[in-house]
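Only one structure is covered here, and it is reproduced in the block below.
Number of protein chains: 2
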Amino acid sequence: MTRSAPAGWTASLALQRERLDVGSTSERVAGLLRTQVLDGTLRPGVQLTEEQLVEALGVSRNTIREALQRLSAQRLVEHQRHRGVFVRRLGRDDLADLCGLRRALECGALREAAERGTAAPDAVIAVVEAAREGERAAAADDWDGAGTANASVHLALAALAANSRIDEEMRGVVAELRLAFVVLPDARAMHEPYVARNVALADLVAAGDLAAAADALDTYLRDAEAHLLDAYGQALDA
Amino acid sequence: MTRSAPAGWTASLALQRERLDVGSTSERVAGLLRTQVLDGTLRPGVQLTEEQLVEALGVSRNTIREALQRLSAQRLVEHQRHRGVFVRRLGRDDLADLCGLRRALECGALREAAERGTAAPDAVIAVVEAAREGERAAAADDWDGAGTANASVHLALAALAANSRIDEEMRGVVAELRLAFVVLPDARAMHEPYVARNVALADLVAAGDLAAAADALDTYLRDAEAHLLDAYGQALDA
DNA sequence: GATCCACCGATCGTCGGACGATCCTCGTGC
DNA sequence: GCACGAGGATCGTCCGACGATCGGTGGATC
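Chains as they are written, first to last, in my numbering: chain A, 2 to 239; chain B, 2 to 239.
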């Protein structure tokens with residue numbers, strides 16, 4: 002019954018490896034809390050008491066603290082000494098700065114790709130796919146899905162630079178941005194305007210005109226920031 | 002003997018506050034280790050055993066672990082599960098990606114400042130001062146000092162965007178870059194070429210020509226990256 | 001002689017419990 | 001009405017313990 006393994010089987014294994022390598026307990030706890038924060042189950046401002054979590058998750062306080070510190074390093078929660086850990090509340094300024102950082106990263110990445118003149122085919126496909134997924138979600142009235150797709154588009158655009166470090170930073174920034182989105186009441190209003198613009202960007206990228214895409218992205222992001230900051234300010238006042 | 006307090010005394014106190022507020026034990030431990038890593042006392046690759054640190058610093062293993070996790074989040078040390086924590090060794094690719102990230106941030110920041118058309122006077126002064134400090138250090142043959150001044154120049158340039166979030170990221174990136182510099186044998190060779198270029202950049206900024214500075218910075222950084230990557234590759238091979 | 005495997009020491013990951021320190025709240029007294 | 005002090009909740013740090021995992025060592029096997 003012995004047969005030679007199919008070509009490239011190690012590569013497919015490597016893709017699965019993360020399943021095994023889910024990591025330490027504290028990492029898994031952190032991941033769990035992270036998803037709860039990002040999907041809005043844990044809303045900004047709520048306190049994450051250590052004892053609470055110990056009881057709820059059945060792990061030691063030590064482990065909980067480690068997990069919380071991870072999230073704190075990712076700026077998803079805020080640590081106040083001798084007071085506790087709270088799901089981070091973005092201030093208006095925080096959000097503005099965050100948007101500025103996002104723009105610097107994303108535009109920088111795309112400009113880098115443009116300068117190099119070419120991008121990896123897979124990366125281009127990822128952009129197009131994400132933009133299409135946004136259209137699909139929008140057509141299905143799934144505006145949370147559209148938001149996720151939108152995030153994917155931006156991550157994919159940044160990935161055109163083929164710089165894993167930029168990718169990582171973008172992941173962090175996009176995650177943080179969710180802290181703003183989860184408190185906005187109207188997901189549709191936040192995402193609908195960008196479905197078409199994402200597709201247009203993806204078309205430019207697919208056509209290989211990265212320089213044009215970079216320019217378009219800059220104005221796109223400025224618009225989006227103004228929109229987001231405005232909506233967020235209203236949400237905070239309400 | 003009672004006299005009224007001098008005007009603005011609270012402001013000067015506020016500047017000192019961080020002294021008191023040095024924070025938790027784990028933060029102080031992390032800070033201590035951080036400086037040791039950044040000044041090259043702890044060289045890339047060495048293991049930081051928990052028990053070692055417990056003994057050396059007289060704090061509990063718990064606290065040590067917390068401190069190490071902080072450093073790990075800052076990418077100054079590398080955590081290998083069930084093996085230990087090691088001062089991070091930058092690979093060639095790591096360094097290349099890091100440089101790319103730095104360029105995206107710094108150029109993005111400067112472009113942002115240029116677009117806005119103006120920058121805070123204090124921030125401009127900081128750039129000029131840092132560049133001058135580099136000249137001073139170079140004249141005194143203090144090439145470590147020149148390296149520090151160089152870092153200050155880049156931090157100050159990024160600060161022109163008046164985006165505290167970008168500032169923070171830049172601080173992290175610059176710190177990480179030190180992981181490369183501490184293994185390079187010839188500090189002078191790495192810093193001397195940039196003393197004059199920093200001054201030239203600072204002059205552009207001082208003249209208010211931020212757009213020109215942004216363009217100059219891009220080519221400057223590309224040169225510097227090539228230089229650094231080349232030297233680093235040689236250092237790794239040796 | 002090379003390969004494989006079982007063992008071993010070092011170190012980490014997680015647990016449970018303990019204690020004082022600090023912060024917020026609330027009630028007291030002026 | 002406001003300063004002040006008591007009390008409770010929670011955190012920060014410490015300690016000691018145990019099993020798990022990793023890398024290396026040395027012996028058994030072919």
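Cβ coordinates follow ideal geometry from the N, Cα and C atoms, glycine included.
*Report buried or exposed for residue 123/A, applying the criterion of at least 16 other Cβ atoms within 10 angstroms of its Cβ.*
Reading the first sequence from its first residue, position 122 is the one you call residue 123/A. So residue 123/A counts as exposed.
*Counting Cβ pairs closer than 8 Å, one from the stretch 114 to 122 of chain A and one from the stretch 100 to 117 of chain B, do we hit at least three?*
The answer is no - the stretch 100 to 117 of chain B does not touch the stretch 114 to 122 of chain A, with fewer than three Cβ pairs under 8 Å.
*Residues of its chain near residue 46/B, where Cβ-Cβ distance is below 8 Å and the 5 sequence neighbours each way are ignored*: Position 45 of the second sequence, counted from the start, is the residue given in the question as residue 46/B. Counting only Cβ-Cβ distances below 8 Å, and skipping sequence neighbours, we find 87, 88 and 90.
*asked:* Taking the alpha-carbon of residue 175/B as reference, which of 23/B, 66/B and 106/B has the nearest alpha-carbon?
replied: On the second sequence, position 174 is the one that residue 175/B refers to. When only C-alpha atoms are compared, the closest one is 106/B.
*asked:* Given this structure, state the Cα-to-Cα distance separating residue 136/B from residue 183/B, to the nearest angstrom.
replied: Position 135 of the second sequence, counted from the start, is the residue given in the question as residue 136/B. Position 182 of the second sequence, counted from the start, is the residue given in the question as residue 183/B. Taking the straight line joining both Cα atoms gives about 21 Å.
*Do you know how far the Cα of residue 67/B is from the Cα of residue 26/B?*
The sequence position of residue 26/B within the second sequence is 25, counting from 1. The sequence position of residue 67/B within the second sequence is 66, counting from 1. Residue 67/B has its alpha-carbon roughly 9 Å from the corresponding atom of residue 26/B.
_Please give the ranges of any alpha helix (DSSP H) in the stretch 34 to 117 of chain A, keeping only runs that are unbroken, at least 4 residues long and fully inside the region._
As far as the stretch 34 to 117 of chain A is concerned, its whole alpha helix (DSSP H) runs of at least 4 residues are 51 to 58, 62 to 74 and 93 to 117.
*Touch check for the stretch 188 to 208 of chain B and the stretch 217 to 233 of chain B: three-plus C-beta pairs under 8 Å?*
Segments in contact, yes.
*Hey, residue 77/A and residue 31/A: beta-carbon distance below 7 Å or not?*
For this step, residue 77/A is matched to residue 76 along the first sequence. For this step, residue 31/A is matched to residue 30 along the first sequence. Taking 7 Å as the Cβ cut-off, residue 77/A and residue 31/A do not qualify as a contacting pair.
*Chain-ordered neighbours of residue 81/B on chain A, where CB pairs are closer than 9 Å*: For the purposes of this step, residue 81/B is identified with residue 80 of the second sequence, where counting begins at 1. Here the premise fails: no neighbours, minimum Cβ distance about 12 Å.
*asked:* For residue 180/B, tell me which candidate among 53/B, 44/B and 186/B has the shortest Cα-Cα distance.
replied: Here residue 180/B refers to the residue found at position 179 when the second sequence is read from its first residue. Measuring C-alpha to C-alpha distances from residue 180/B to each of 53/B, 44/B and 186/B identifies 44/B as the nearest.
*the stretch 56 to 70 of chain A: which residues have C-beta closer than 9 Å to a C-beta of chain B, in chain order?*
Residues 63, 66, 67 and 70.
*Is the Cβ-Cβ distance between residue 177/B and residue 99/B less than 7 Å?*
As a first step, residue 177/B must be located in the second sequence, where it is residue number 176. As a first step, residue 99/B must be located in the second sequence, where it is residue number 98. Pairing residue 177/B with residue 99/B gives a Cβ-Cβ distance under 7 Å.
*Taking Cβ to Cβ, would you say residue 164/B is nearer than 7 Å to residue 101/A?*
Taking the second sequence and counting its residues from 1, the one referred to as residue 164/B is at position 163. Taking the first sequence and counting its residues from 1, the one referred to as residue 101/A is at position 100. In this structure, residue 101/A lies closer than 7 Å to residue 164/B by Cβ.
*Compare the C-beta of residue 227/B with all C-beta atoms of chain A and state if any pair is closer than 7 Å.*
For the purposes of this step, residue 227/B is identified with residue 226 of the second sequence, where counting begins at 1. For residue 227/B, the answer is no, since every Cβ of chain A falls outside 7 Å of its Cβ.
*asked:* Could you check whether the Cβ of residue 234/B sits closer than 7 Å to any Cβ belonging to chain A?
replied: Sequence index remark: in the second sequence, residue 234/B carries index 233 (1-based). Not one chain A Cβ lies under 7 Å of residue 234/B.
*asked:* So, for residue 225/B: in the same chain, excluding its five sequence neighbours on each side, which residues have a beta-carbon less than 7 Å away from its beta-carbon?
replied: Along the second sequence, read from residue 1 onward, the residue named residue 225/B stands at position 224. Within its own chain, the residues whose Cβ lies closer than 7 Å to the Cβ of residue 225/B, once the five positions on either side in sequence are excluded, are 195, listed in chain order.
*Among the residues of its own chain, which have a CB less than 6 Å from the CB of residue 232/B, if the five just before and after it don't count?*
Counted from its first residue, the second sequence places residue 232/B at position 231. So the list reads 185, once near-sequence residues are dropped.
*Just the chain A side, please: which residues come within less than 7 Å of residue 164/B by C-beta, in chain order?*
Within the second sequence, numbered from 1, the residue matching residue 164/B stands at position 163. 98, 101 and 102, listed in chain order.
*Interface positions of the stretch 117 to 132 of chain A facing chain B (Cβ-Cβ less than 9 Å), listed along the chain*: From the stretch 117 to 132 of chain A, no residue has a Cβ closer than 9 Å to chain B.
*Under the rule that 16 or more other beta-carbon atoms within 10 Å means buried, what is residue 242/A, buried or exposed?*
As displayed, chain A neither begins before 2 nor continues past 239, which places residue 242/A out of reach and without an answer.
*Over what stretch of residues does the alpha helix (DSSP H) that includes residue 185/A continue unbroken?*
Translated into the one-based positions of the first sequence, residue 185/A becomes position 184. Going by DSSP, residue 185/A is part of no alpha helix (DSSP H) at all; its letter is neither H nor E.
*Start and end residues, alpha helix (DSSP H) containing residue 151/A*: Taking the first residue of the first sequence as 1, we reach residue 151/A at position 150. Residues 144 to 160.
_8 Å contact criterion, which residue 109/B and residue 172/A should meet: CB distance rounded_ = As a working mapping, residue 109/B is identified with position 108 in the second sequence. As a working mapping, residue 172/A is identified with position 171 in the first sequence. With a Cβ gap of about 18 Å, residue 109/B and residue 172/A do not count as contacting.
*Taking buried to mean at least 16 other C-beta atoms within 10 Å of its own C-beta, is residue 166/B buried or exposed?*
Walking along the second sequence from the start, residue 166/B turns up at place 165. It counts as buried.
*Do residue 74/B and residue 162/A have their C-beta atoms within less than 7 Å of each other?*
As a working mapping, residue 74/B is identified with position 73 in the second sequence. As a working mapping, residue 162/A is identified with position 161 in the first sequence. In this structure, residue 162/A does not lie closer than 7 Å to residue 74/B by Cβ.
*Under the three-state DSSP convention, the category residue 23/B falls into*: Residue 23/B sits at position 22 when you count from the first residue of the second sequence. Residue 23/B: coil per DSSP, three-state reduction.
*Proximity test, Cβ basis, 7 Å: residue 46/A and chain B*: Mapped onto the first sequence, residue 46/A falls at position 45. Residue-level contact by beta carbon fails for residue 46/A and chain B, as no gap is shorter than 7 Å.
*Tell me which same chain residues have a C-beta within less than 7 Å of the C-beta of residue 64/B, skipping the five on either side of it?*
Taking the first residue of the second sequence as position 1, residue 64/B is located at position 63. Spatial neighbours of residue 64/B in its own chain (CB-CB distance under 7 Å, excluding positions within 5 residues in sequence) are listed in chain order as 26, 27 and 30.
_Please confirm whether residue 156/A has its beta-carbon closer than 7 Å to some beta-carbon of chain B._
Position 155 of the first sequence, counted from the first residue, corresponds to residue 156/A. Judged by the 7 Å Cβ criterion, residue 156/A is not in contact with chain B.
*Is residue 232/A helix, strand or coil by DSSP?*
For the purposes of this step, residue 232/A is taken as residue 231 along the first sequence, with counting starting at 1. Three-state result, residue 232/A: helix.
*Leaving out five residues on either side along the sequence, give the residues of the same chain with a beta carbon under 6 Å from the beta carbon of residue 153/A.*
The count along the first sequence starts at 1 and reaches residue 153/A at position 152. A distance below 6 Å between beta-carbons, with the five flanking residues on each side excluded, links residue 153/A to the following residues of its chain, in chain order: 131.
_Between the CA atoms of residue 209/B and residue 214/A - distance to the nearest angstrom_ = The residue labelled residue 214/A in the question sits at position 213 within the first sequence. The residue labelled residue 209/B in the question sits at position 208 within the second sequence. Across the structure, residue 214/A and residue 209/B are spaced so that their CA atoms are roughly 29 Å apart.
*Any chain A beta carbon closer than 7 Å to residue 109/B*: Walking along the second sequence from the start, residue 109/B turns up at place 108. At least one chain A Cβ lies under 7 Å of residue 109/B.
*Note down, in chain order, every chain B residue with its Cβ under 9 Å from the Cβ of residue 74/A.*
On the first sequence, residue 74/A is found 73 positions in, with the first residue counted as 1. Those within 9 Å of residue 74/A in chain B are 70, 71, 73, 74 and 75.
*Tell me which same chain residues have a C-beta within less than 7 Å of the C-beta of residue 2/B, skipping the five on either side of it?*
The count along the second sequence starts at 1 and reaches residue 2/B at position 1. Caution is warranted here: a pLDDT of 43 is assigned to residue 2/B, below 50, making its placement in the model unreliable, and no coordinate value can be reported.
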